[in-house]
Amino acid sequence: MSGKSDGDPPGPSTRAGHLGRHSHRHLGAVNTPVYRASTILFPTVADLEASARGESRSIGYGLHGLPTVVDFQEAMAALEGGFRALAVPSGLAATTLPLLALAKPGDHVLVTDSVYFPTRRFCALHLARLGVEVEYYDPLIGADIARRFRPNTRIVFTESPGSLTFEVQDIPAIAGVAHERGALVLMDNTWATPFGFRAMDHGVDVSIHAATKYIGGHSDVLLGAIVCNEATHAAMHRLWTDMGVAASSDDCFLGLRGLRTLPTRLARHRASAMEVAAWLRSRPEVREVLYPALPGSRGHELWRRDFAGASGLFGVVLQPVAKERVDAMLDGLAVFAMGWSWGGFESLVIPTWPERVRTATQWAPGGPCLRLAIGLEDPADLIADLERGFARLSGGAA
Ligand SMILES: *Cc1c(COP(=O)(O)O)cnc(C)c1O
């Protein structure tokens, strides 16, 4: 018994292995090779003219869709259930360019207070300069977002779970309100990846991914993906073309290769993160674990309702303790390393200060905050490393 019948769609790992693959176009190579090209040659004037008129099926210039880029985009769009995807050189480009493409002077844009900080800075400096009014809202607002709407509200920017603080947003409720009022919903879906949250199925119009994180998966690529529905694609594609911000073939090659193993890696990241998070919660040094996948954590019920999976990134609130003790804990870690970004095979930890940037809500967790990215190492080694860290935190010798 296979447990599947003929009409069932393939499972996530099967899809991850097959989407965006066109070996017959590439001498049979399993992976789409890296195409390096700026100039594309035309055999005749008629071909060149057809390309200039946009009538040709092949691309006219390297910036507008080399096969490695197109195949990555195709896989991302299919995974999210979107119309088309566009690859850009970083996750930050993927969060900011849709705002630039879809907001116009005089518009009002609602942005979650838990948004990735560089996205917030872009809104404050550049959207404001273009005459777009930005207002921040409580990530847990749900359908009450209706009260923030004005006649000129065009975009609601969401991110779930939130950066650093991991609030799970009620995306279907927010999308219901937004669509009733003719506004678009953008979502930074980096944490869950398309395997953990199919954004389009929950009413999102533009789903954004820092493929730098789990999709790349090895801390050696900067890449972003913007997945659009049919209504948003034309404007997004226009801006992508006109700003010349296509991702490189090398980076899309790594993104596409990362997708092949993503469900397998995610399962391990999640299982290890659950183990480490549950251990942390049992410790007297820990006030709270912010990991929606962990039963009993904030946001767990919504996460269970809407998400199909989780990644290995979560927050920890420590009991009140002097900064020097936290520094001693982190400085001596041997398996965990400190650094920005996450989603790679290696475990990372950083101190965080979410209270410094909020404006719509207060963040007062009652103790120092950390962010842990649980990699693919053995969880017992990670726990032992943290246990020695807690000895330093408490002023012990270890
Ligand atoms: C890292 C990150 C980004 C930006 O990705 P880069 O590739 O580093 O520019 C965007 N959104 C979220 C939620 C992130 O964590």
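For what it's worth, this note's numbering labels the leading residue of the sequence shown as 56, then goes sequentially.
Glycine included, each C-beta is placed from N, C-alpha and C at the ideal position.
Please read all numbers here as calculations on a predicted model, not as lab measurements.
To the nearest angstrom, how far is the alpha carbon of residue i from that of residue j?
i      : j      : result
Gly197 : Val232 : 9 Å
Asp193 : Glu214 : 12 Å
Phe97  : Pro160 : 41 Å
Leu241 : His288 : 13 Å
Ala148 : Phe400 : 24 Å
Val404 : Met393 : 5 Å
Arg112 : Ala365 : 39 Å
Arg358 : Ala301 : For the sequence presented, residue 358 should be read as Trp rather than Arg. The straight-line gap from Cα to Cα measures roughly 33 Å.
Ile429 : Gly370 : 11 Å
Glu340 : Gly137 : 44 Å
Ala453 : Thr414 : Confidence at Ala453 is low in this model, with a pLDDT of 47, below 50, so its placement is unreliable and the value that follows should be read with caution. One C-alpha to the other measures close to 40 Å.
Ala201 : Tyr171 : 23 Å
Leu165 : Gly450 : 45 Å
Ala142 : Leu278 : 7 Å
Ser218 : Arg108 : 43 Å
Asp275 : Gly120 : 22 Å
Val412 : Pro406 : 15 Å
Ser327 : Leu388 : 18 Å
Val416 : Ala332 : The question names Val, but residue 416 in the sequence shown is Thr. Approximately 26 Å between the Cα atoms of the pair.
Asp256 : Ala158 : 23 Å
Thr174 : Gly351 : 30 Å
Thr319 : Gly72  : 11 Å
Met56  : Leu368 : Low per-residue confidence applies at Met56: pLDDT is 44, beneath 50, and the placement is therefore not dependable enough to give any value.
Pro64  : Phe177 : 40 Å
Ala383 : Arg447 : 6 Å
Gly299 : Ser106 : 18 Å
Leu373 : Glu379 : 13 Å
Leu385 : Gly444 : 7 Å
Ile210 : Thr245 : 19 Å
Asp433 : Val376 : 29 Å
Ile281 : Thr150 : 8 Å
Leu441 : Glu356 : 28 Å
Gly398 : Phe221 : 15 Å
Under the criterion of a Cβ to heavy atom distance below 6 Å, does residue i qualify as lining ligand 1?
i      : result
Tyr171 : yes
Thr245 : yes
Ser262 : no
Ala265 : yes
Leu152 : no
Gly146 : yes
Ala368 : The identity of residue 368 in the sequence shown is Leu, whereas the question assumes Ala. The answer is no for Leu368.
Leu277 : yes
Ser218 : yes
Along the beta strand (DSSP E) that carries residue i, what are the first and last residues, could you check?
i      : result
Thr387 : Looking at the sequence shown, residue 387 is not Thr but Gly. Run containing Gly387: none; DSSP gives neither H nor E here.
Arg342 : 341-345
Val412 : Careful: Val412 lies outside any beta strand (DSSP E) and carries neither H nor E.
For residue i and chain B, any beta-carbon pair shorter than 7 Å?
i      : result
Ala130 : Absent here is chain B; the protein component of the structure consists of one chain.
Got a sec, what are the start and stop residues for the alpha helix (DSSP H) residue i sits in?
i      : result
Phe212 : Run containing Phe212: none in the alpha helix (DSSP H); it sits in the beta strand (DSSP E), 208-214.
Glu330 : 304-336
Ala301 : Neither: Ala301 is in no alpha helix (DSSP H) and is coded neither H nor E.
Leu431 : Here Leu431 belongs to no alpha helix (DSSP H), and DSSP marks it neither H nor E.
>> If contact is defined by three or more beta carbon pairs under 8 Å, each pair taking one atom from either stretch, is the stretch 76-86 in contact with the stretch 263-281?
In response: Cβ pair count under 8 Å is below three, so no.
> Can you list the beta strand (DSSP E) stretches of 3 or more residues lying completely in the stretch 225-282, in chain order?
Replying inline: Qualifying beta strand (DSSP E) stretches, in chain order: 239-243, 261-265.
> Within the chosen definition, does the stretch 177-186 reach the stretch 123-141 through at least 3 CB pairs nearer than 8 Å?
Replying inline: no
> Pairing CB atoms from the stretch 269-276 with CB atoms from the stretch 307-319, are three or more of them under 8 Å?
Replying inline: Yes, since at least three Cβ pairs between the stretch 269-276 and the stretch 307-319 fall closer than 8 Å, the two stretches touch.
> So, do the stretch 221-229 and the stretch 99-109 have three or more beta carbon pairs nearer to each other than 8 Å?
Replying inline: no
>> My parser needs the alpha helix (DSSP H) runs of 4 or more residues fully inside the stretch 342-371; what are they?
In response: 355-361
>> To test your reading of the DSSP string, which unbroken alpha helix (DSSP H) runs of 4 or more residues are found completely within the stretch 60-147?
In response: 67-73, 100-107, 122-135
> At which residue ranges does the stretch 148-198 contain complete alpha helix (DSSP H) runs of 4 or more residues, listed in the order of the chain?
Replying inline: 172-177
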